[in-house]
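Going by the working numbering, the residue at position 17 of the sequence shown is 73; the numbering climbs one at a time, nothing skipped.
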Amino acid sequence: HPSIAVDSLDNPHVVWSGNGHVTNPTYYQIVRREAFGGVWQAIDLVTDKNQHQYYPELAIDHLGNLHVVWAGKGFGAYLPNMNHILYVKKTSGVWGTVEDITDTFDYLTSRYNYSQHIVIDSGDNPHIVFGDNGDRLAWYRKRNLSWSAPELVPFPGDPATSGAVSCLALDRSDNVYVF
Numbered sequence: 057h058p059s060i061a062v063d064s065l066d067n068p069h070v071v072w073s074g075n076g077h078v079t080n081p082t083y084y085q086i087v088r089r090e091a092f093g094g095v096w097q098a099i100d101l102v103t104d105k106n107q108h109q110y111y112p113e114l115a116i117d118h119l120g121n122l123h124v125v126w127a128g129k130g131f132g133a134y135l136p137n138m139n140h141i142l143y144v145k146k147t148s149g150v151w152g153t154v155e156d157i158t159d160t161f162d163y164l165t166s167r168y169n170y171s172q173h174i175v176i177d178s179g180d181n182p183h184i185v186f187g188d189n190g191d192r193l194a195w196y197r198k199r200n201l202s203w204s205a206p207e208l209v210p211f212p213g214d215p216a217t218s219g220a221v222s223c224l225a226l227d228r229s230d231n232v233y234v235f
């Protein structure tokens, strides 16, 4: 499940979940690679945990900062062996601290978080939507100075076929659309 985004200088950046690149080679980790002037650069490690990390999605803001969201284990204090939705930003070539945006949710018990998507608004703030396959629900959060409270995303139609897989978009006025 790779994800690709192109920066303002037309350089592609790719993130994916792969193993064999890190200190924990038997676990899938989030890795990134970019090309400058058509030449692919060395692999850049986003994670290196002794737990699997899956399904990254990448967005680039207008300043060229990279924003990555994924599902992974081994982060957070609340049920660390369950999938959490994780976020990290790379600014000026340095990865920030991984943020677990689902660590304090009561809904994590026996549920499976995944299907996360990210978009960046005109103020360079990330918006993330993610699915909970256990109850087939979708949740939305936005980060400005801190993460907003989680919002349950209502879906029309049959709850048995809605929610777990969601998508996200912003219009020119930064209005959020989630389905």
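Note that the Cβ used here is the ideal one computed from N, Cα and C, for glycine as well.
Own chain partners of W203 with C-beta closer than 6 angstroms, once the 5 adjacent residues on each side are dropped: Translated into the one-based positions of the sequence shown, residue 203 becomes position 147. For W203, where only same-chain residues beyond five positions count, the Cβ hits under 6 angstroms are I157, R197.
Which residues bound the beta strand (DSSP E) around W72? By one-based count along the sequence shown, residue 72 stands at place 16. Taken as a continuous stretch (DSSP letters only), the beta strand (DSSP E) holding W72 covers 68-74.
Less than 8 angstroms between C-beta atoms, sequence neighbours within five positions excluded: which residues of the same chain meet that for G128? Numbered from its first residue, the sequence shown carries residue 128 at position 72. Here the set comprises I86, T103, K105, Q107, H108, Q109, Y110, N139, H140, L142.
Using alpha carbons as the reference points, say which of P81, R89, V234, A133 lies closest to I174. Position 118 of the sequence shown, counting from 1, holds the residue named residue 174. It is V234.
Using only CA atoms, which one of F186, D227, S73 lies nearest to P206? Stepping through the sequence shown from its first residue, residue 206 is reached at position 150. The residue with the shortest Cα to Cα distance from P206 is F186.
What's the gap between the Cα of G152 and the Cα of P210? Taking the first residue of the sequence shown as 1, we reach residue 152 at position 96. Taking the first residue of the sequence shown as 1, we reach residue 210 at position 154. C-alpha separation (whole angstroms): 32 angstroms.
For the putative contact between W96 and R89, defined by C-beta atoms under 8 angstroms, what is the C-beta separation to the nearest angstrom? To locate residue 96, count along the sequence shown from 1; it is residue 40. To locate residue 89, count along the sequence shown from 1; it is residue 33. The C-beta distance from W96 to R89 rounds to 6 angstroms, short enough to meet the 8 angstroms contact threshold.
Please specify which runs of the beta strand (DSSP E), each continuous and at least 3 residues long, are wholly inside the segment 59-139, giving them in chain order. 59-62, 68-74, 85-92, 109-116, 122-128, all fully within the segment 59-139.
Please report the Cβ distance between L114 and I60, rounded to the nearest whole angstrom; I am assuming they are in contact, meaning their Cβ atoms lie under 8 angstroms. Taking the sequence shown and counting its residues from 1, one reaches residue 114 at position 58. Taking the sequence shown and counting its residues from 1, one reaches residue 60 at position 4. About 7 angstroms; that satisfies the 8 angstroms criterion.
Nearest-angstrom Cα distance between S148 and L193? By 1-based counting over the sequence shown, the position of residue 148 is 92. By 1-based counting over the sequence shown, the position of residue 193 is 137. Linking S148 to L193 through their CA atoms gives a straight-line distance of about 36 angstroms.
If you run the structure through DSSP and keep just helix, strand and coil, what is D156? Position 100 of the sequence shown, counted from the first residue, corresponds to residue 156. DSSP places D156 in the strand class (E or B) of the three-state scheme.
What is the DSSP secondary structure of T165, reduced to helix, strand or coil? Looking up residue 165 in the sequence shown gives position 109. For T165, the predicted structure reports a pLDDT of 47, less than 50, and the residue's modelled location is therefore unreliable. The matter cannot be settled from this model.
As a quick exercise: from N200, C223, T79, D177, pick the residue whose alpha carbon is nearest that of N231. Numbered from its first residue, the sequence shown carries residue 231 at position 175. When each option's Cα is compared against that of N231, the closest is D177.
Go to R197, then tell me how far its beta strand (DSSP E) extends in each direction, as first and last residue. Here residue 197 corresponds to residue number 141 of the sequence shown, with the count starting at 1. Going by DSSP, R197 is part of the beta strand (DSSP E) stretching over 193-198.
Quick check on the burial criterion: 16 or more other C-beta atoms within 10 angstroms. Buried or exposed for G76? Position 20 of the sequence shown, counted from the first residue, corresponds to residue 76. If you draw a 10 Å sphere on the C-beta of G76, you find fewer than 16 other C-beta atoms in it, and that means exposed.
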